[in-house]
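A.B. asks:
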Amino acid sequence: MNEEEIIKELKGYEFYHSIQLTENISTPGVSKPIPLQQVVLRVLRSIDLKGKRVLDIGCRDGLFSFEAEKLGASEVIGIDMICLAVQ
Numbered sequence: 005m006n007e008e009e010i011i012k013e014l015k016g017y018e019f020y021h022s023i024q025l026t027e028n029i030s031t032p033g034v035s036k037p038i039p040l041q042q043v044v045l046r047v048l049r050s051i052d053l054k055g056k057r058v059l060d061i062g063c064r065d066g067l068f069s070f071e072a073e074k075l076g077a078s079e080v081i082g083i084d085m086i087c088l089a090v091q
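The letter at position 27 of the sequence shown is residue 31 when you use our numbering, and the numbering goes up by one with no holes.
(1) Go to E7, then tell me how far its alpha helix (DSSP H) extends in each direction, as first and last residue.
(2) Decide if D65 is buried, meaning its Cβ has at least 16 other Cβ atoms within 10 Å, or exposed.
(3) Based on Cα-Cα distance, which residue from S30, K74, L25, L14 lies nearest to S50?
(4) Please report the distance separating the alpha-carbon of L53 from that of G16.
(5) Looking at the structure shown, is L48 part of a helix, part of a strand, or coil, going by DSSP?
(6) Evaluate C87 with the Cβ neighbour count: other Cβ atoms within 10 Å of its Cβ, from every protein chain shown; 16 or more gives buried, anything less gives exposed.
(7) Does DSSP classify S30 as helix, strand or coil?
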């Protein structure tokens with residue numbers, strides 16, 4: 005998928021978080037995580053995830069899933085009870 009196709013696809017979803025996907029693409033949404041999410045991100049960043057497998061339960065639009073990927077996780081699986089959240 006090229007950048008134009010990705011941007012078009014993103015417009016079909018409602019995002020809560022603004023997540024930087026590539027240098028030029030981010031999801032539309034709240035640009036700054038709420039305080040509790042900031043704490044979780046700090047804790048997540050303190051863990052060595054290189055080569056680890058991560059399961060994000062209740063992932064919503066993947067804020068923590070994408071962060072785990074950036075931190076070197078070898079596999080990230082996100083699940084959520086809201087089907088549209090994980091498509």
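The C-beta atom is built at its ideal place from N, Cα and C for all residues, glycine as well. In this text, all values refer to a predicted model and were calculated from it rather than measured experimentally.
C.D. replies: Walking through what the data contain:
(1) Position 3 of the sequence shown, counted from the start, is the residue given in the question as residue 7. Counting along the chain, the alpha helix (DSSP H) containing E7 begins and ends at 7 to 14.
(2) Residue mapping note: residue 65 aligns to position 61 of the sequence shown, counting from 1. By the neighbour-count rule (16 or more Cβ atoms within 10 Å), D65 is buried.
(3) For the purposes of this step, residue 50 is identified with residue 46 of the sequence shown, where counting begins at 1. Taking only the C-alpha atoms, the option nearest S50 is K74.
(4) Taking the first residue of the sequence shown as position 1, residue 53 is located at position 49. Taking the first residue of the sequence shown as position 1, residue 16 is located at position 12. Computed Cα separation, rounded: 31 angstroms.
(5) Looking up residue 48 in the sequence shown gives position 44. It is helical.
(6) Locating residue 87 in the sequence shown gives position 83, where the first residue counts as 1. Its Cβ having fewer than 16 others within 10 Å, C87 is exposed.
(7) Here residue 30 is taken as the residue at index 26 of the sequence shown, counted from 1. Correct three-state label for S30: strand.
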